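Protein chains in written order, with the numbering used here: chain A, 1378 to 1510; chain S, 1083 to 1298.
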Amino acid sequence: MIRDDRAFAVMEYAGGALTAAATAAAIHAVIDPHWDMVLAMVVGTAIGAAIHILAAVALGPFVGMFPAMASGSLIGMYGGMLFAMRDSMQDVSWSQSLGVAVVFGVCVVAVVQLYDRALRGTSIVEGGSAGRP
Amino acid sequence: MRELLQRKWDRASRTYDWVTRADERRYGPAKRQLFERIRGRCLMLAAGTGNDFRLFPAGLRIVALDVSRAMLERARPRAAAYAGGLALLQMDARRLAFRDACFDTIVSVCTFCSVPDPVLGLRELHRVLKPDGRLLVFEHVRSRLGPLAMMQDLLTPLSRRFGPDLNRDTLGNLSRAGFRVVREENVYLDIVKAAEAVPLAAWLTSASWRCSSARL
């Protein structure tokens, strides 16, 4: 059980890093500093949202559908918007783009995991069979 | 409508075990804990391919339903391996062929994310559940966290074509169908939940209602 939890946590981090890297790569390939920033952000969000759906389908059988979608949606939509904003403002290298994306993906997964721990547990117990075996 | 639903889940049965393999491992312990509360004659909805049968305590008498014949075919060997009585039936949760008040416990695992009229289905469960019975649900629901809820809303038109809705308010629907949620547990974020509900009439006559009133 504990081994499973750790394995899932590690796979979630790897999945988050992959989703972010794929999002950043797609955006880096499409958007360059000549783009209008607002348009770039809208397109980046759309690209990120599309990539997160593909990532959720691919990663779901390994980490669980909702963990893949929860982190993936935040990485795809918000990461996509931020990566596009950055790419429309400055010329960055592929390695910088992917490196920053991996860090962003790992940070988002960490926040989602912390939030999950904070929320986990029983929130209502009112009669029922609580306390009974 | 029922044929469309049936066809969708017949198709999904081919990949169901693969798609849900991590979810089964991840949520298995929480489901096992929920199933420990099963008492008496039990009805299980949405048996699927029977992945959850191994999590039931041994020795129960269970009637397990699914709208999809293909799902039930895959569930058959797992039902045979269960150490108790487990009968499989093809039936729609909105039209149950059982008399009133004949089950002590009803178990619903990821059912009301895909039943087209969830409140109607839950009212049907209310009808077949004994007045002192309990409904145990393990469902995914719409998050209360804005960005996640928005993602669920956006993806639901797509997910509905292949499987469940992602943004149902199943615990709210329980109240609309005449149940009172007496226990609620977050299993993953506030999206995957395990809950226990009782008929509202039974709750109103219970000690917990009197305690709640005294606190007001």
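Every residue, glycine too, gets a C-beta built ideally from N, C-alpha and C. Being a predicted model, the structure only gives us computed values, none of them experimental.
Inter-residue spacing [alpha-carbon to alpha-carbon] between S/Arg1096 and A/Val1387
Numbered from its first residue, the second sequence carries residue 1096 of chain S at position 14. Numbered from its first residue, the first sequence carries residue 1387 of chain A at position 10. Cα-Cα distance, rounded: 29 Å.
Any idea which residues DSSP pairs S/Glu1155 with across the strands?
Translated into positions along the second sequence, residue 1155 of chain S becomes position 73. Note: S/Glu1155 sits in no beta bridge, so no partner.
Out of S/Glu1221, S/Asp1148, S/Arg1209 and S/Leu1154, state which residue places its alpha-carbon closest to the alpha-carbon of S/Ala1112.
Taking the second sequence and counting its residues from 1, the one referred to as residue 1112 of chain S is at position 30. Out of S/Glu1221, S/Asp1148, S/Arg1209 and S/Leu1154, the CA that lies nearest to the CA of S/Ala1112 is found in S/Glu1221.
8 Å contact criterion, which S/Ala1183 and S/Pro1213 should meet: CB distance rounded
On the second sequence, residue 1183 of chain S is found 101 positions in, with the first residue counted as 1. On the second sequence, residue 1213 of chain S is found 131 positions in, with the first residue counted as 1. Indeed they touch by this definition, with Cβ atoms about 6 Å apart.
Sufficient close CB pairs (3 or more, under 8 Å) joining the region 1141-1148 of chain S to the region 1097-1110 of chain S
The region 1141-1148 of chain S, when compared against the region 1097-1110 of chain S, does not touch it at the 8 Å Cβ threshold.
Taking Cβ-Cβ distances below 9 Å as the criterion, which residues of the region 1439-1458 of chain A are in contact with chain S?
Per Cβ criterion, the list reads Phe1439, Val1440, Gly1441, Met1442, Phe1443, Pro1444, Ala1445, Met1446, Ala1447, Gly1449, Ser1450, Leu1451, Gly1453, Met1454 and Tyr1455.
Kindly give me the distance between the Cβ atoms of S/Val1201 and S/Asn1249, rounded to whole angstroms, as I take these residues to be in contact under 8 Å.
Here residue 1201 of chain S refers to the residue found at position 119 when the second sequence is read from its first residue. Here residue 1249 of chain S refers to the residue found at position 167 when the second sequence is read from its first residue. In this structure S/Val1201 does not touch S/Asn1249 by the C-beta definition: roughly 15 Å separates them, more than the 8 Å allowed.
Closer than 7 Å between beta carbons: that is the criterion. Which residues of the region 1087-1115 of chain S meet it against chain A?
The residues in question are Trp1100, Val1101, Arg1103, Ala1104, Asp1105, Arg1107, Arg1108 and Pro1111.
Work out the CA separation of A/Ile1452 and S/Ala1162 for me, nearest whole Å.
Here residue 1162 of chain S refers to the residue found at position 80 of the second sequence. Here residue 1452 of chain A refers to the residue found at position 75 of the first sequence. S/Ala1162 and A/Ile1452 have their C-alpha atoms roughly 44 Å apart.
For S/Ser1190 and S/Tyr1109, the rounded distance between their alpha carbons
Sequence index remark: in the second sequence, residue 1109 of chain S carries index 27 (1-based). Sequence index remark: in the second sequence, residue 1190 of chain S carries index 108 (1-based). Separation of S/Tyr1109 and S/Ser1190 (C-alpha to C-alpha, rounded to the nearest whole angstrom) is 14 Å.
For S/Val1263 and S/Ala1279, which I take to be in contact (beta-carbon distance under 8 Å), what is that distance rounded to the nearest angstrom?
If you number the second sequence from 1, residue 1263 of chain S lands on position 181. If you number the second sequence from 1, residue 1279 of chain S lands on position 197. Yes, they are in contact, since the Cβ atoms of S/Val1263 and S/Ala1279 sit about 5 Å apart, within 8 Å.
May I ask you to report which of helix, strand or coil DSSP gives S/Arg1103?
The count along the second sequence starts at 1 and reaches residue 1103 of chain S at position 21. Here S/Arg1103 sits in helix by DSSP.
Chain S within 7 Å of A/Thr1499, Cβ atoms only
Your numbering for residue 1499 of chain A matches position 122 in the first sequence. It does; some Cβ of chain S falls within 7 Å.
For a contact meaning CB atoms closer than 9 Å, what does A/Phe1385 contact in chain S?
As a working mapping, residue 1385 of chain A is identified with position 8 in the first sequence. Result: Ala1104, Arg1107 and Arg1108.
Run down chain S in chain order and give the residues with a C-beta less than 7 Å from the C-beta of A/Tyr1492.
Residue 1492 of chain A sits at position 115 when you count from the first residue of the first sequence. Leu1271, listed in chain order.
Can you check whether the CB of A/Asp1464 is closer than 7 Å to the CB of A/Val1424?
Here residue 1424 of chain A refers to the residue found at position 47 when the first sequence is read from its first residue. Here residue 1464 of chain A refers to the residue found at position 87 when the first sequence is read from its first residue. Checking the sequence, you will find Ile at residue 1424 of chain A rather than Val. No, Cβ-Cβ distance for A/Ile1424 and A/Asp1464 is not below 7 Å.
Report the residue ranges of all beta strand (DSSP E) runs contained in full by the region 1115-1202 of chain S; include only those spanning at least 3 residues, in chain order.
The region 1115-1202 of chain S contains these whole beta strand (DSSP E) runs: 1123-1127, 1143-1148, 1167-1172 and 1185-1191.
What in chain S is Cβ-close to A/Gly1393, meaning under 7 Å?
One-based indexing of the first sequence puts residue 1393 of chain A at position 16. Ordered by position in chain S, no residue passes the 7 Å Cβ test against A/Gly1393, which lies about 15 Å from the chain.
Strictly below 9 Å CB to CB, what residues from chain S border A/Ile1430?
Position 53 of the first sequence, counted from the first residue, corresponds to residue 1430 of chain A. Neighbours of A/Ile1430 on chain S, chain order: Leu1237 and Leu1240.
Residue range of the unbroken alpha helix (DSSP H) whose run includes A/Gly1476
Reading the first sequence from its first residue, position 99 is the one you call residue 1476 of chain A. Start and end: Trp1471 to Leu1496.
What number of angstroms, rounded off, separates the C-alpha of A/Gly1482 from the C-alpha of S/Leu1286?
Residue 1482 of chain A sits at position 105 when you count from the first residue of the first sequence. Residue 1286 of chain S sits at position 204 when you count from the first residue of the second sequence. Approximately 48 Å between the Cα atoms of the pair.
Validate contact between the region 1394-1412 of chain A and the region 1491-1500 of chain A using beta carbons, cut 8 Å, 3 pairs:
No, they do not touch.
Please tell me whether S/Glu1267 has its Cβ less than 7 Å away from any Cβ of chain A.
Mapped onto the second sequence, residue 1267 of chain S falls at position 185. Cβ-Cβ to chain A under 7 Å: yes for S/Glu1267.
In whole angstroms, give me the CA-to-CA distance for S/Leu1171 and S/Leu1154.
Your numbering for residue 1171 of chain S matches position 89 in the second sequence. Your numbering for residue 1154 of chain S matches position 72 in the second sequence. A straight line joining the alpha-carbon of S/Leu1171 with that of S/Leu1154 spans about 8 Å.
Check whether the Cβ atoms of S/Leu1087 and S/Val1149 sit closer than 7 Å, and answer yes or no.
In the second sequence, residue 1087 of chain S corresponds to position 5, counting from 1. In the second sequence, residue 1149 of chain S corresponds to position 67, counting from 1. Yes, they are a contact pair.
S/Pro1239 by DSSP, collapsed to three states: which one?
One-based indexing of the second sequence puts residue 1239 of chain S at position 157. Correct three-state label for S/Pro1239: helix.
Please work out which residues of its chain come closer than 7 Å, Cβ to Cβ, to S/Arg1265, disregarding the five sequence neighbours upstream and downstream, and give them in chain order.
Taking the second sequence and counting its residues from 1, the one referred to as residue 1265 of chain S is at position 183. Cβ neighbours of S/Arg1265 within its own chain (closer than 7 Å, five residues either side excluded): Ala1277 and Glu1278.
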